Amino acid sequence: MTSYVVTVAAYLGVLGLALAVEVVAFATPRLWASFGQVVTWALRRRSTQLGLLLAWWWLGWHWVTQR
Numbered sequence: 393m394t395s396y397v398v399t400v401a402a403y404l405g406v407l408g409l410a411l412a413v414e415v416v417a418f419a420t421p422r423l424w425a426s427f428g429q430v431v432t433w434a435l436r437r438r439s440t441q442l443g444l445l446l447a448w449w450w451l452g453w454h455w456v457t458q459r
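Per the numbering used here, the very first residue in the sequence shown carries number 393; after that it's consecutive.
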């Protein structure tokens, strides 16, 4: 296997895990917070908003420069 295949498989695995957690959160809202609730809670602070903006910018920049 190439490193590209391993990387794509890892990202798909993380995406699948996130979807599974979201389904469980939807089924049992008292025990698990949904993704939207977690993001809303996390983005209440200005430092988190700035950090998320910079993280997305960094990822986007590296994706654009690879093409």
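For every residue, glycine included, the Cβ atom is placed at its ideal position computed from N, Cα and C.
Just so we're clear, the structure is a prediction, and the values are computed from it rather than from any experiment.
Could one say the Cβ of Ser-395 lies closer than 8 angstroms to chain B's Cβ atoms, at least one of them? The question asks about chain B, but that chain is absent: this structure has only one protein chain.
So, using beta-carbon positions, are Ala-434 and Trp-424 closer together than 8 angstroms? Not in contact: Ala-434 and Trp-424 (Cβ atoms no closer than 8 angstroms).
Determine the direct distance from the alpha carbon of Val-413 to that of Tyr-396, and round the result to whole angstroms. Tyr-396 and Val-413 have their alpha carbons spaced roughly 26 angstroms apart.
Given this structure, state the Cα-to-Cα distance separating Leu-411 from Ala-402, to the nearest angstrom. C-alpha separation (whole angstroms): 14 angstroms.
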